[in-house]
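Report on one structure; see the data block that follows.
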Amino acid sequence: DAERTAGIELTSSFAMIPGASVSGLYFGHPESRYFTVDRMTKDQIESYAKRKGKSIEEIERWLAPNLAY
Numbered sequence: 002d003a004e005r006t007a008g009i010e011l012t013s014s015f016a017m018i019p020g021a022s023v024s025g026l027y028f029g030h031p032e033s034r035y036f037t038v039d040r041m042t043k044d045q046i047e048s049y050a051k052r053k054g055k056s057i058e059e060i061e062r063w064l065a066p067n068l069a070y
């Protein structure tokens, strides 16, 4: 129970409050390359939602920056 024992809360988008609560492991390599997910179409979202067993609305919420519509 992180909220009770450490005072850490999660927002509706799972961000941690306070921000100083966040930690992570970062790995790098000199030959690593960045990539991005291209804009996703409605049919891709529908297919993904079906495969994940989630509603289209929920998938759209999480992938909003990547929607092509």
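Numbering follows our numbering, with no gaps: position 32 of the sequence shown is 33.
By construction, the Cβ of each residue, glycine as well, lies at the ideal position given by its N, Cα and C atoms.
Look at the Cβ atom of residue i, then the Cβ atom of residue j, and state whether they are nearer than 9 angstroms.
i	j	result
Ala69	Thr37	no
Ser24	Ala7	no
Is it buried or exposed, residue i, if we count other Cβ atoms within 10 angstroms and call 16 or more buried?
i	result
Ile18	exposed
Excluding the five sequence neighbours on either side, which residues of its own chain have a C-beta within less than 8 angstroms of the C-beta of residue i, listed in chain order?
i	result
Ile46	Ile57, Ile60, Glu61, Leu64 and Leu68
Arg40	Asn67, Leu68 and Ala69
Ile9	Ala3, Met17, Ile18, Pro19 and Ser22
In chain order, what residues of the same chain lie with their CB nearer than 7 angstroms to the CB of residue i, ignoring the 5 residues before and after it?
i	result
Leu11	Met17
Tyr49	Ile60
Does the distance between the C-beta of residue i and the nearest non-hydrogen atom of the ligand MN fall short of 8 angstroms?
i	result
Ser22	You won't find the ligand MN in this model; it holds no ligand whatsoever.
Q: Please specify which runs of the alpha helix (DSSP H), each continuous and at least 4 residues long, are wholly inside the region 17 to 61, giving them in chain order.
A: 43 to 53
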